[in-house]
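In the numbering used here, the protein residues as written are 2 to 137.
In structure tokens form, the structure reads like this:
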């Protein structure tokens with residue numbers, strides 16, 4: 002197969018649906034299709050440029066993110082003040098999920114390494130949804 006075509010098909014495979022990605026997140030894995038559709042309605046698409054921060058270490062946590070396209074580095078400042086990379090996340094990976102449970106400060110910085118699209122789920126939206134539908 003010509004490399005152009007293999008790259009074309011690879012990209013299509015990597016672009017999984019939002020509901021497929023949500024099912025892979027432990028706190029959402031038991032939701033039924035109808036419940037996932039309700040959750041999808043509160044998901045926000047965010048775009049980031051290379052080097053742009055999604056959030057900074059020490060800021061209050063307000064939501065979680067799923068990498069749709071692109072890449073994110075998770076960085077933490079050492080005692081000496083230098084940034085250390087803890088992880089690199091790509092399509093399908095998620096981060097910041099603890100912010101859905103409490104408002105504790107972020108323990109690390111998340112920064113885009115390339116043009117990146119993230120799906121965000123924010124605590125206030127999730128709490129409103131749970132109030133309207135406690136079965137979630």
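Cβ coordinates follow ideal geometry from the N, Cα and C atoms, glycine included.
These figures come from a predicted structure and were not determined experimentally.
Simplified DSSP state of residue i, which is helix, strand or coil
{"i": "residue 34", "result": "helix"}
{"i": "residue 135", "result": "coil"}
{"i": "residue 100", "result": "helix"}
{"i": "residue 140", "result": "A query on residue 140 cannot be resolved here, the shown segment of the chain reaching from 2 to 137 and no further."}
{"i": "residue 106", "result": "strand"}
{"i": "residue 125", "result": "helix"}
When the options are compared against residue i, the one with the closest alpha-carbon
{"i": "residue 126", "options": "111, 109, 100", "result": "100"}
{"i": "residue 105", "options": "27, 28, 56, 61", "result": "61"}
{"i": "residue 128", "options": "26, 57, 43", "result": "43"}
{"i": "residue 50", "options": "38, 72, 34, 33", "result": "72"}
{"i": "residue 91", "options": "67, 77, 102", "result": "67"}
{"i": "residue 57", "options": "46, 48, 39, 76", "result": "76"}
Cβ pair residue i, residue j closer than 8 Å
{"i": "residue 114", "j": "residue 70", "result": "no"}
{"i": "residue 25", "j": "residue 93", "result": "yes"}
{"i": "residue 54", "j": "residue 110", "result": "yes"}
{"i": "residue 59", "j": "residue 124", "result": "no"}
Other residues of its chain near residue i: CB distance less than 7 Å, five sequence neighbours each side excluded
{"i": "residue 74", "result": "86, 89, 112, 114"}
{"i": "residue 19", "result": "41, 44, 120"}
{"i": "residue 22", "result": "67, 93"}
Contact set for residue i: own chain, Cβ-Cβ below 6 Å, skip 5 residues either direction
{"i": "residue 132", "result": "none"}
{"i": "residue 122", "result": "44, 64, 65"}
{"i": "residue 79", "result": "85"}
{"i": "residue 97", "result": "65, 66"}
{"i": "residue 47", "result": "119, 121"}
Cβ-heavy atom distance, residue i to the ligand ATP, below 7 Å
{"i": "residue 130", "result": "As far as ligands go, the structure on display features none, and thus does not contain the ligand ATP."}
Beta-bridge partners of residue i, as assigned by DSSP
{"i": "residue 28", "result": "Looking at the DSSP assignment, residue 28 forms no beta bridge with any residue, so it has no partner."}
{"i": "residue 81", "result": "Paired residues: none, contrary to the question."}
{"i": "residue 21", "result": "According to DSSP, which records beta bridges pairwise, residue 21 is partnered with nothing at all."}
Proximal residues to residue i (C-beta, below 8 Å), its chain only, five neighbours per side dropped
{"i": "residue 30", "result": "24"}
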